[in-house]
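K.L.:
Numbering (the numbering used here), first residue to last: 197 to 319. Just so you know, even glycine gets a beta-carbon here, dropped at the ideal spot from N, CA and C. This is the structure, below, for whatever I ask next.
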């Protein structure tokens, strides 16, 4: 029997993605992971659909990042959006943190958050 794989995307800088992607793939091997190194392209790809999960690095964000995330929510509501940052409480992330519908975690807690997502999806 063939195993069903769903697509997931990691949006972050290339160097950070190369370091993070193997851990994400190990934590969530049920997902077919893709790396995108620019936020604008990542948002475009996510809005096009087909992703079960999008993990986006807020430390790599561009101006109007919160507006881009709202577009993802409108265009692809079935995609789970998980945003991470080294310090989510930083004033530079205030716009993102104020979006109550976004799952926003510390980068160190990212793998735990993915495990929690997996458990919730199995219920």
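Measure from the alpha carbon of residue 245 to the alpha carbon of each residue in 227, 203, 285, then state which is nearest.
P.N.:
203
K.L.:
Shortest alpha-carbon distance to residue 282 belongs to which of 214, 297, 301?
P.N.:
Selected option, being the one with the closest Cα: 301.
K.L.:
Give me the Cβ distance between residue 243 and residue 271, rounded to the nearest whole Å; I'm assuming they're in contact under 8 Å.
P.N.:
4 Å
K.L.:
With the cut-off set at 8 Å, would you say residue 255 and residue 207 are in Cβ contact?
P.N.:
No.
K.L.:
Helix, strand or coil, according to DSSP, for residue 232 in the structure here?
P.N.:
strand
K.L.:
Are the beta-carbon atoms of residue 214 and residue 232 separated by less than 8 Å?
P.N.:
One thing to note: residue 214 has its Cβ no nearer than 8 Å to the Cβ of residue 232.
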